[in-house]
Amino acid sequence: MAKRGHDVTVYTTDVKDFDSRLETSFNDIVDGIRVYRFRNISLTLVKKLKLFITSSFISYVKENLERFDIICMNIIRFKT
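In this note's numbering, the protein residues as written are 4 to 83.
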(Lines of atoms letter the chains of each structure in order from A and count residues from 1; the text may use other names and numbers.)
(Lines give C-alpha, C1' and ligand atoms only; values in the text may rest on other atoms or scores of the structure.)
Protein backbone atom coordinates (compact mmCIF):
# COMPACT_ATOMS: atom_id res chain seq x y z
CA MET A 1 0.00 0.00 0.00
CA ALA A 2 2.88 2.36 0.72
CA LYS A 3 4.17 1.81 -2.82
CA ARG A 4 0.77 2.98 -4.09
CA GLY A 5 1.14 6.25 -2.21
CA HIS A 6 -0.85 5.42 0.91
CA ASP A 7 0.42 6.48 4.33
CA VAL A 8 1.08 3.20 6.18
CA THR A 9 1.90 2.91 9.89
CA VAL A 10 2.76 -0.29 11.77
CA TYR A 11 2.62 -0.67 15.57
CA THR A 12 4.47 -3.69 16.94
CA THR A 13 6.58 -4.86 19.88
CA ASP A 14 10.37 -4.85 20.20
CA VAL A 15 10.57 -8.65 20.47
CA LYS A 16 13.05 -10.22 18.04
CA ASP A 17 12.64 -13.81 19.19
CA PHE A 18 11.86 -15.64 22.42
CA ASP A 19 15.18 -14.61 23.95
CA SER A 20 15.98 -11.12 22.68
CA ARG A 21 14.75 -7.70 21.69
CA LEU A 22 15.33 -5.80 18.47
CA GLU A 23 18.23 -3.37 18.63
CA THR A 24 16.41 -0.56 16.83
CA SER A 25 14.78 2.70 17.74
CA PHE A 26 11.18 3.14 18.87
CA ASN A 27 10.29 5.07 15.72
CA ASP A 28 11.64 4.07 12.31
CA ILE A 29 10.79 4.23 8.62
CA VAL A 30 11.23 0.98 6.66
CA ASP A 31 10.54 1.00 2.90
CA GLY A 32 8.35 4.09 3.31
CA ILE A 33 6.35 2.54 6.17
CA ARG A 34 6.34 4.26 9.56
CA VAL A 35 7.11 1.62 12.22
CA TYR A 36 6.57 2.17 15.95
CA ARG A 37 8.01 -0.47 18.26
CA PHE A 38 6.75 -0.73 21.82
CA ARG A 39 8.82 -2.30 24.57
CA ASN A 40 7.47 -5.67 25.61
CA ILE A 41 6.99 -5.95 29.36
CA SER A 42 8.80 -9.26 29.78
CA LEU A 43 10.79 -11.64 27.59
CA THR A 44 10.06 -14.33 30.18
CA LEU A 45 6.33 -13.98 29.43
CA VAL A 46 7.13 -14.21 25.73
CA LYS A 47 9.26 -17.31 26.13
CA LYS A 48 7.13 -19.23 28.64
CA LEU A 49 3.57 -18.11 27.87
CA LYS A 50 3.87 -16.58 24.37
CA LEU A 51 2.44 -13.31 25.75
CA PHE A 52 3.48 -10.15 23.94
CA ILE A 53 2.34 -7.38 26.26
CA THR A 54 3.35 -3.72 26.19
CA SER A 55 2.41 -1.12 28.77
CA SER A 56 1.86 1.76 26.34
CA PHE A 57 0.57 0.17 23.13
CA ILE A 58 -3.20 0.45 23.73
CA SER A 59 -3.03 4.00 25.09
CA TYR A 60 -0.87 5.11 22.14
CA VAL A 61 -3.33 3.58 19.66
CA LYS A 62 -6.27 5.28 21.41
CA GLU A 63 -4.49 8.65 21.37
CA ASN A 64 -3.79 8.37 17.64
CA LEU A 65 -6.98 6.62 16.51
CA GLU A 66 -8.37 9.68 14.72
CA ARG A 67 -5.38 9.76 12.35
CA PHE A 68 -6.33 6.54 10.57
CA ASP A 69 -8.92 5.67 7.91
CA ILE A 70 -8.35 1.91 8.21
CA ILE A 71 -7.01 -0.13 11.12
CA CYS A 72 -6.05 -3.80 10.85
CA MET A 73 -5.08 -5.50 14.10
CA ASN A 74 -3.66 -9.00 14.24
CA ILE A 75 -3.02 -11.17 17.23
CA ILE A 76 -0.97 -14.25 16.55
CA ARG A 77 -1.30 -17.03 19.08
CA PHE A 78 1.17 -19.87 19.14
CA LYS A 79 -0.03 -23.30 20.09
CA THR A 80 2.08 -24.74 22.90
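Built from N, CA and C at the ideal position, the CB exists for glycine as well. The structure displayed is predicted, hence computed values, not measured ones.
Residues near residue i in its chain [Cβ-Cβ closer than 7 angstroms; skip 5 each side]
i	result
Leu25	Asp17, Lys19 and Arg40
Ser58	Ile44
Own chain partners of residue i with C-beta closer than 8 angstroms, once the 5 adjacent residues on each side are dropped
i	result
Ile32	Val38
Thr15	Val38, Tyr39, Arg40 and Phe41
Ala5	Val11, Asp34, Gly35 and Ile36
Whole-number beta carbon distance between residue j and residue i, since they are thought to touch under 8 angstroms
i	j	result
Asp22	Leu46	7 angstroms
Phe55	Asn43	6 angstroms
Three-state secondary structure assigned by DSSP to residue i
i	result
Asn43	strand
Val13	strand
Boundaries of the alpha helix (DSSP H) in which residue i is found, first to last residue
i	result
Ile61	Phe60 to Asn67
Spatial neighbours of residue i in its chain, beta-carbon cut-off 6 angstroms, leaving aside the 5 residues before and after
i	result
Thr27	none
Boundaries (first-last residue) of the beta strand (DSSP E) holding residue i
i	result
Asn77	Premise fails: Asn77 is in no beta strand (DSSP E) and is neither H nor E.
Ile56	First-last for Ile56: undefined, no H or E at that position.
Lys19	Val18 to Asp20
Closest residue to residue i among the options (Cα-Cα distance)
i	options	result
Asn77	Phe29, Arg70, His9 and Val13	Val13
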